[in-house]
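So in my numbering, spot 33 of the sequence shown is number 263, and the numbers just go up one at a time. Read through the structure below, which is laid out as structure tokens, and then see the notes.
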Amino acid sequence: MKQLQIKLVRSLIGRTQSQRDTVKSLGLRKINQVVLREDNASVRGMVSKVSHMIELTEIDA
């Protein structure tokens, strides 16, 4: 199963509450923090919503 490595690279300052909530739901709190999440439709939707604030890498697990 594929996993997604998600890294927060942009600040949450000045972002909408919806974008802040999405980043929090992904499990990210600090800049340069990295999390691994399963590659599924719900995570992909969250990633696309905040794609301008994160770096995404696909990992084969």
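Even for Gly, the Cβ is constructed at its ideal location relative to N, Cα and C.
Grab me the residues of Thr287's own chain with a C-beta within less than 6 Å of its C-beta, minus the 5 sequence neighbours each way, in chain order. The beta carbon of Thr287 lies closer than 6 Å to those of Gln235 in the same chain, with the five residues before and after it left out.
Give the single residue among Leu238, Met276, Thr246 whose Cα lies nearest to the Cα of Val265. Leu238
Just the Cα atoms here: how many angstroms apart are Lys279 and Ser241? 15 Å
What does the alpha-carbon distance come out to for the pair Met332 and Lys254? This structure leaves residue 332 out entirely; the chain is present only between 231 and 291.
If you run the structure through DSSP and keep just helix, strand and coil, what is Asp290? It is a strand residue.
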